[in-house]
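Order-wise, the sequence lines are chains C and R. Okay, so the first sequence: first residue is 1 according to UniProt numbering, each after it adds one. Okay, so the second sequence: first residue is 1 according to UniProt numbering, each after it adds one. A virtual CB, placed ideally from N, CA and C, is assigned to each residue, including glycine. Note that the coordinates shown come from a computational prediction; the quantities given were computed from them, not determined experimentally. One structure below.
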Amino acid sequence: MLSTIPKSWNVKLKPHLFCPGCGHGITFKQLGFAIDGLGIQKEITMGVDIGCSLLAWNFLDVPTIQTHHGRTTPLLVGYKLVKPKRIVISYMGDGAAWGIGLQNIIHAAYRNNPVTVIVINNENFAMTGGQSSYTTLPGTITPTSPVGKSPELGAGFKGPELIRNVAHKDAYIARTTVTNPIHLLSTLKKAILAQKENNNFALVEVLSICPTNWKTGAKASLDMAFEMEKTYPIGEVK
Amino acid sequence: MIDTTKIILAGEGGQGIQTIAKVITEVAAEQGLDVSYIPVFGVEQRGTPSVAFIILSHEKIYYPRFDSADYAIILQKRAVASVLAYINKKTKVVFDSSTVSVRDLPDEAIHSFGIPATQIATEKFTPKAFNLIVAGKLSRVLNLDEDQVWQKIEKLLGKKFKTPEIKEKSRQAYLSGRKYIFELKDFSRPTFQPATGKIIIKNAEKTAQILPERCKGCGICIVKCPVGALKFSDTLGVFATPVPEIDLEKCIACGNCFRFCPDGAIAVEKNKKLK
């Protein structure tokens with residue numbers, strides 16, 4: 001039978017809550033395939049953070065917990081200490097990961113806690129209306145930067161490169177993009193296996209698209225995601 | 001003549017509730033009325049109720065809130081709960097009969113009038129123009145000048161009219177809303193519902209499956225198709241946006257649409273050969 005979705009998706013609650021063309025949906029599709037491919041749906045516990053990522057609280061048919069402001073990672077670290085056989089996935093946006101909750105990821109990476117962190121980088125604070133964030137590229141027009149973001153405010157925050165400097169030597173850190181689902185799938189699989197087989201910290205940053213807040217159509221959104229790859233290079237950071 | 005008119009507009013974020021409210025209040029203010037307009041909505045981009053409280057008055061307005069509305073305009077089923085407290089037996093309730101059933105309205109709504117705005121907009125104009133139909137009818141009811149209202153719409157929505165064609169269609173939608181006459185009909189069932197079920201297309205080599213109940217019309221599959229086998233059709237999906245249709249003669253079953261679709265609404269597969 002031909003199926004349009006991965007088996008691990010929660011079919012009853014579809015269509016999901018994300019906007020049309022959202023990069024979260026593309027990421028979750030590949031995450032679903034990664035979970036299906038590894039056959040670990042019954043071992044997964046998800047944690048979602050504040051922002052658009054919390055709309056994923058019923059996305060996969062797995063136990064899910066929601067906390068605020070980057071504390072998903074330490075929460076799941078504690079969960080993993082109690083239940084070492086579970087595989088924990090901490091799912092958040094760039095606001096939670098690189099802004100308000102940065103210290104949590106730094107220490108989890110430093111201690112090499114076995115947790116897989118997936119960070120969706122869509123270059124803005126999407127849920128509150130697309131305001132300029134640290135990952136916004138200079139010159140981008142947003143509601144809080146009406147003439148384009150000033151280059152003085154930074155050239156784009158490179159989270160994985162920062163974490164690389166403090167992370168344990170065995171940690172897996174990579175960046176991928178929704179414009180290349182095959183690379184996305186293989187990276188997510190590696191990140192889950194790093195935790196499952198070697199008990200290592202894994203961090204994946206996914207460059208995503210946000211047609212609602214970028215105010216772009218399908219083609220322009222994907223083109224803009226290709227532009228992002230010049231600032232945020234794709235591949236394994238460590 | 002009634003000196004004060006109290007209006008409540010309710011719908012969902014993204015439907016244009018606040019735009020209609022701005023048009024009405026600004027035109028009324030230009031005509032010399034005293035106006036008050038309070039928008040109420042959350043920080044979310046879509047999916048939450050958006051409500052506008054409007055008062056138009058020939059006298060001075062001392063307090064902008066009110067406890068019972070003269071007109072309640074309801075454009076979305078989920079928004080009914082947020083206006084329950086403001087509807088009494090004298091309130092004239094206008095609802096989008098293409099998506100809201102009269103059964104969804106509270107018992108107090110004795111004077112309820114349906115206007116199938118979504119259906120008219122989709123069939124005759126563009127689906128997005130449905131709020132202009134409502135704005136047209138409301139401005140007529142409130143005796144606001146036809147040209148003045150259109151000029152205000154043009155000013156507020158000018159950027160969204162990317163081509164003269166869209167602008168003309170929007171104007172036609174607005175005028176048709178102005179001319180619309182409420183009918184006595186059975187409004188117990190919404191006249192417009194998005195397509196449901198599965199669209200399965202088969203030929204000797206391939207099988208394609210499209211689910212309109214999941215498709216949100218983002219168009220990523222069309223952009224990502226390497227051979228141009230996909231294009232928008234007339235079928236409508238969950239957000240009343242067009243659903244793609246597939247030309248299996250051109251399709252090479254590469255699976256790109258399936259891989260990219262964020263909503264899990266499309267899949268193409270090569271048929272298994274029987275031995």
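Taking 7 Å as the CB-CB cut-off, is residue i touching chain R?
{"i": "residue 210 of chain C", "result": "no"}
{"i": "residue 215 of chain C", "result": "no"}
{"i": "residue 64 of chain C", "result": "no"}
{"i": "residue 190 of chain C", "result": "no"}
{"i": "residue 38 of chain C", "result": "no"}
{"i": "residue 95 of chain C", "result": "no"}
{"i": "residue 25 of chain C", "result": "yes"}
{"i": "residue 21 of chain C", "result": "yes"}
{"i": "residue 35 of chain C", "result": "no"}
{"i": "residue 5 of chain C", "result": "yes"}
{"i": "residue 14 of chain C", "result": "yes"}
{"i": "residue 181 of chain C", "result": "yes"}
{"i": "residue 207 of chain C", "result": "no"}
{"i": "residue 306 of chain C", "result": "Nothing can be reported for residue 306 of chain C: it is not among the residues displayed for chain C, which extend from 1 to 238."}
{"i": "residue 2 of chain C", "result": "yes"}
Contact defined as beta carbons within less than 8 Å: I believe residue i pairs with residue j. What is the distance between those atoms, to the nearest angstrom?
{"i": "residue 20 of chain C", "j": "residue 41 of chain R", "result": "Incorrect: roughly 20 Å between the Cβ atoms, too far for contact."}
{"i": "residue 96 of chain C", "j": "residue 201 of chain C", "result": "Not quite, the Cβ-Cβ distance comes to about 17 Å (not below 8 Å), so this is no contact."}
{"i": "residue 27 of chain C", "j": "residue 120 of chain C", "result": "6 Å"}
{"i": "residue 123 of chain C", "j": "residue 237 of chain C", "result": "Not confirmed; about 18 Å, so no contact."}
{"i": "residue 114 of chain C", "j": "residue 30 of chain C", "result": "Not quite, the Cβ-Cβ distance comes to about 22 Å (not below 8 Å), so this is no contact."}
{"i": "residue 79 of chain R", "j": "residue 12 of chain R", "result": "6 Å"}
{"i": "residue 8 of chain C", "j": "residue 61 of chain C", "result": "6 Å"}
So residue i contacts chain A; which residues on that side make the cut at Cβ distance below 7 Å?
{"i": "residue 223 of chain R", "result": "The displayed structure is made up of protein chains C and R, and chain A is not among them."}
Could you tell me the alpha carbon to alpha carbon distance between residue i and residue j, rounded to whole angstroms?
{"i": "residue 1 of chain R", "j": "residue 262 of chain R", "result": "Confidence at residue 1 of chain R is low in this model, with a pLDDT of 48, below 50, so the placement of that residue should be treated as unreliable; the coordinate-derived value is given next. Taking the straight line joining both Cα atoms gives about 54 Å."}
{"i": "residue 258 of chain R", "j": "residue 84 of chain R", "result": "43 Å"}
{"i": "residue 175 of chain R", "j": "residue 17 of chain R", "result": "18 Å"}
{"i": "residue 8 of chain R", "j": "residue 65 of chain R", "result": "11 Å"}
{"i": "residue 266 of chain R", "j": "residue 210 of chain R", "result": "5 Å"}
{"i": "residue 225 of chain C", "j": "residue 140 of chain C", "result": "13 Å"}
{"i": "residue 137 of chain R", "j": "residue 178 of chain R", "result": "4 Å"}
{"i": "residue 212 of chain C", "j": "residue 130 of chain C", "result": "8 Å"}
{"i": "residue 236 of chain R", "j": "residue 163 of chain R", "result": "23 Å"}
{"i": "residue 141 of chain R", "j": "residue 127 of chain R", "result": "23 Å"}
{"i": "residue 181 of chain R", "j": "residue 116 of chain R", "result": "11 Å"}
{"i": "residue 99 of chain C", "j": "residue 93 of chain C", "result": "10 Å"}
{"i": "residue 248 of chain R", "j": "residue 221 of chain R", "result": "14 Å"}
{"i": "residue 28 of chain R", "j": "residue 93 of chain R", "result": "21 Å"}
{"i": "residue 142 of chain C", "j": "residue 133 of chain C", "result": "9 Å"}
{"i": "residue 47 of chain C", "j": "residue 71 of chain C", "result": "9 Å"}
{"i": "residue 112 of chain R", "j": "residue 95 of chain R", "result": "7 Å"}
{"i": "residue 219 of chain R", "j": "residue 234 of chain R", "result": "14 Å"}
{"i": "residue 89 of chain C", "j": "residue 51 of chain R", "result": "38 Å"}
{"i": "residue 179 of chain C", "j": "residue 106 of chain C", "result": "27 Å"}
{"i": "residue 355 of chain R", "j": "residue 135 of chain R", "result": "Outside the shown range of chain R (1 to 275) lies residue 355 of chain R, about which nothing can therefore be said."}
{"i": "residue 70 of chain R", "j": "residue 6 of chain R", "result": "5 Å"}
{"i": "residue 224 of chain R", "j": "residue 122 of chain R", "result": "27 Å"}
{"i": "residue 11 of chain C", "j": "residue 89 of chain R", "result": "42 Å"}
{"i": "residue 171 of chain C", "j": "residue 181 of chain C", "result": "23 Å"}
{"i": "residue 135 of chain C", "j": "residue 204 of chain C", "result": "15 Å"}
Determine whether the Cβ of residue i lies closer than 7 Å to any Cβ atom of chain C.
{"i": "residue 140 of chain R", "result": "no"}
{"i": "residue 238 of chain R", "result": "yes"}
{"i": "residue 196 of chain R", "result": "no"}
{"i": "residue 18 of chain R", "result": "no"}
Within 9 Å of chain C by C-beta, residues of the segment 83-104 of chain R in sequence order: With the criterion set as a beta carbon lying under 9 Å from some beta carbon of chain C, the segment 83-104 of chain R has no members that meet it.
According to a CB-to-CB cut-off of less than 9 Å, which residues of the UniProt domain "4Fe-4S ferredoxin-type" (206-235) of chain R neighbour chain C? Listed in sequence order: 207, 208, 209, 210, 211, 213, 214, 215, 216, 217, 218, 219, 220, 221, 222, 223, 224.
Which whole runs of the alpha helix (DSSP H) in the segment 124-206 of chain C are 4 residues long or more, in chain order? 159-166, 181-198
Residues, ordered as in the chain, of the UniProt domain "4Fe-4S ferredoxin-type" (242-271) of chain R that lie near chain C by beta-carbon distance below 9 Å: 256, 258, 259, 260, 261, 262, 263, 264, 265, 266, 267, 268, 269
Give the list of continuous alpha helix (DSSP H) stretches no shorter than 4 residues that lie fully inside the segment 77-126 of chain C. 102-111
May I have a chain-ordered list of the beta strand (DSSP E) segments no shorter than 3 residues that lie completely inside the segment 64-133 of chain R? 71-74, 92-95, 111-114
Residues of the segment 66-93 of chain C in Cβ contact with chain R at a cutoff of 7 Å, in chain order, please. Hits within the stretch: zero.
Minimum length 4: unbroken alpha helix (DSSP H) runs contained in the UniProt domain "4Fe-4S ferredoxin-type" (242-271) of chain R: The qualifying runs are 256-260.
Quick check on the DSSP output: what are the complete alpha helix (DSSP H) runs of length 4 or more inside the UniProt domain "4Fe-4S ferredoxin-type" (206-235) of chain R, in order along the chain? 220-224
Write down every uninterrupted run of the beta strand (DSSP E) in the segment 145-213 of chain R whose length is 3 residues or greater and which is fully enclosed by it, in chain order. Segments of the beta strand (DSSP E) lying fully in the segment 145-213 of chain R: 199-202, 206-210.
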